[in-house]
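For reference, the structure discussed in these notes is given below.
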Amino acid sequence: MRNLICLFLVGILISLSSCRKDFDTVPSSGNLGFSKDTVYLDTVFSHISSSTYTLKVYNRSNDDIKIPSIHLQNPDSKYRLMVDGMTGEDGTDLDNLPDGRVFKNVELLAKDSLYIFIETTANTADANPTDFLYTDDIVFDSSNGPQKVNLVTLIRDAYFLFPKKDANGIKESLLLGTDNGEEVRINGFELDENDPANGDEYHFNNTKPYVIYGYAGVPDGKTLTIDPGAKVYFHAESGIVVQPGGSIHINGAVSPDPTNPQQNEVTFEGDRLEPLYEDIPGQWGTIWLRSGSINNSINHLTLKNATLGLLVENCTLNIQNSQIYNSANYGILARGATMNNCENLVINLAGQASLACSLGGSYQFKHCTFNNNWASSNQVAVLLSNYEEQADGTNVTGSLNQANFYNCIIYSSNNIGLFLDKIGDEAIPFEKDIKNCLIKFRDGGTSLASKPIYDFIRNELDGNIKNKDPKFFNANLNKLNISDDPIGGAFQKGSLTYLVPLDVLGLPRTSNPPDMGAYQSAAFPE
């Protein structure tokens, strides 16, 4: 009986399969649909591979079709294709196209679609010399003639700085010191004032961008000078290390054209130029000013998307008219540093603190905006501390000799914008002077407000204002300019005593009293 049932089932399957219509295909008639008529591969640097972009191809007909061939128009194309997981065939029998560039007899079922993945690696010599655009077409052959989708990429030339290899194939590394007699090195290199390709690497100009792989070292006795308008792009886990005895001078300037404020601004950011990466934190490492580096100065710098924006260790830094955004850990971490001339500084969005001053030090900030809208419950805008916890659980302390904040905004999406953290003997200095500042500070059951160290906030002494909305234009988009609406907590609440005449954009501060923060207030568009 069991055998009869099995034979019966087999018979049914055979009969069903004999009735099934074969999936016969017809040649494509050229009526394919596309998700895009033109695929714009975002800006890439010369010789550096792009990201992968996607084109979707649709068969909206009721017939299963066969596309005779899909290929690139240019026989020497710098684009690369993958069609539904296929890498292409030998193209030598089709218009002498090179291997791997032709996809023959591609089947596409009725009402179905397929994906084409596109990449490129090109250089400026391949691009149009007038606009630096590199173009090609994807060709879809059919019985009624070809269909095409355009490909467009902007190619940028750059100075490339990276660790080199010696005659034995050993890659250069950057020496940080010794530990128990053993050298401590990181992936990096020392800049070269006579580099055969880049020339003087201690002088970054604005003729074309700089792309850095690994950490670029500024050694003892050398100064890295960066001109107005210079653009510096860092690969993952890259940055700049200013060694003891070295210096960095970032000499950005106000743009003469108000419609192009970035014209003379120095820019530091990651080397992924696609819009997807525009505001993603942690794409590169840090600018590390090591203990013993000297005479460091920064003016009109925009730094974004680092792991740690500036690491300032027991050295001197003057910073003005600069903006630091989207840092995975800190915008600035100053460890026992001296930063007594800091004006018109804007820091927003950091995983832990926009500004952290630990191990004491000496600091003065005028007309600065520190905000932190990071999506967590622990982040703060400003952290002042006189210690750091070590790996073994012990604490190392330092003297906070001065922490002056005048006409500043210290704000946060969290309840606590300003966190003061002092330990140890009362004799250890923890000197602060905070006046005419707007501060976010809602205790929320933490009992911080009861501590004497917070009396200037708790009682709103010295012209300080607590918990008023500063009326930022859009803090989540790093637009921390403030409204001229009188209900804004920072509008005309500063003091002339601490006036910095021009704001971060070079606009005059005309109101009396002046606005708090780095920006002169303005009317926002409706």
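For the sequence shown, the residue numbers in this note's numbering are 68 to 593. The beta carbon of each residue, even a glycine, is placed where N, CA and C say it ideally should be.
Indicate the three-state DSSP secondary structure (helix, strand or coil) for residue i in the structure shown.
i    : result
P94  : strand
I222 : strand
F26  : Since the first and last residues shown for the chain are 68 and 593, residue 26 lies out of range.
T197 : coil
P581 : coil
Y344 : helix
S118 : coil
T154 : coil
N534 : coil
A373 : strand
I490 : coil
I520 : helix
L544 : helix
A192 : helix
R525 : helix
L108 : strand
Y565 : helix
L241 : strand
L515 : helix
G100 : strand
E332 : coil
L426 : coil
N217 : strand
P323 : coil
Check whether the Cβ atoms of residue i and residue j lie closer than 8 Å to each other.
i    : j    : result
W351 : S305 : yes
I476 : F437 : yes
I279 : L242 : no
L384 : A404 : yes
G484 : K507 : yes
N126 : L99  : yes
N388 : N411 : yes
D595 : N217 : Outside the shown range of the chain (68 to 593) lies residue 595, about which nothing can therefore be said.
I201 : I183 : The residue you asked about is not Ile; residue 201 is Tyr in the sequence shown. Not a contact, by the Cβ cut-off of 8 Å.
S429 : N407 : yes
K231 : F256 : yes
L547 : F558 : no
S95  : S209 : yes
Q431 : N366 : no
K275 : Y226 : yes
I237 : I137 : no
Within its chain, find whatever has a CB closer than 7 Å to the CB of residue i; leave out the 5 residues flanking it on each side and keep chain order.
i    : result
G359 : P311, G312, C382
P328 : S322, L572
G212 : G97
D203 : L139, Q140, N141, S144, Y146, L218
Among the residues of its own chain, which have a CB less than 6 Å from the CB of residue i, if the five just before and after it don't count?
i    : result
E380 : R357, S358, R402
S421 : G398, I414, F437, N439, A448
A189 : K145, Y201, I222
Q390 : T369, V413
L426 : R402, G403, E455, G465
M583 : N474, I476, L505, A557, K560, G561
P615 : Nothing in the structure corresponds to residue 615, since the chain is present only between 68 and 593.
E527 : K533
With a threshold of 8 Å between beta-carbons, can residue i be considered close to chain B, or not?
i    : result
K123 : Going by chain labels, chain B is absent from the structure shown, which holds only one protein chain.
What number of angstroms, rounded off, separates the C-alpha of residue i from the C-alpha of residue j?
i    : j    : result
I35  : Y120 : The shown model of the chain, from 68 to 593, leaves out residue 35, and the question about it has no answer.
S550 : N396 : 29 Å
N579 : Y473 : 16 Å
Q587 : K518 : 34 Å
D324 : T369 : 17 Å
L291 : T191 : 27 Å
V150 : V169 : 10 Å
N443 : K499 : Residue identity differs from the one stated: residue 443 is Ser in this sequence, not Asn. Roughly 27 Å between the two C-alpha positions.
I307 : N362 : 16 Å
G248 : N254 : 20 Å
N481 : W441 : 8 Å
K560 : V285 : 42 Å
G512 : F523 : 19 Å
L574 : T461 : 48 Å
S118 : L108 : 8 Å
L67  : R576 : The structure shown does not extend to residue 67, since the chain is modelled only from 68 to 593, so the question has no answer here.
L148 : F101 : 16 Å
A585 : A417 : 18 Å
D91  : Q214 : 23 Å
Return the chain-ordered list of same chain residues with a C-beta closer than 8 Å to the C-beta of residue i, the five sequence neighbours on each side being excluded.
i    : result
M68  : Since pLDDT at M68 reaches only 43, below the 50 mark, its modelled position is unreliable, and no value is offered.
N445 : Q419, N481
T245 : V251
G266 : none
May I ask you to check if the CB of residue i is nearer than 7 Å to at least one heavy atom of the ligand NAP?
i    : result
L108 : This structure simply doesn't include the ligand NAP, nor any ligand for that matter.
Taking one C-beta from the region 531-542 and one from the region 553-561 each time, how about it: are there three or more such pairs within less than 8 Å?
-> yes
Examine the Cβ distances between the region 448-464 and the region 486-505 and report whether three or more of them are shorter than 8 Å.
-> yes
Using 8 Å as the threshold, is the region 127-146 in touch with the region 165-184, meaning 3 or more CB pairs across them?
-> yes
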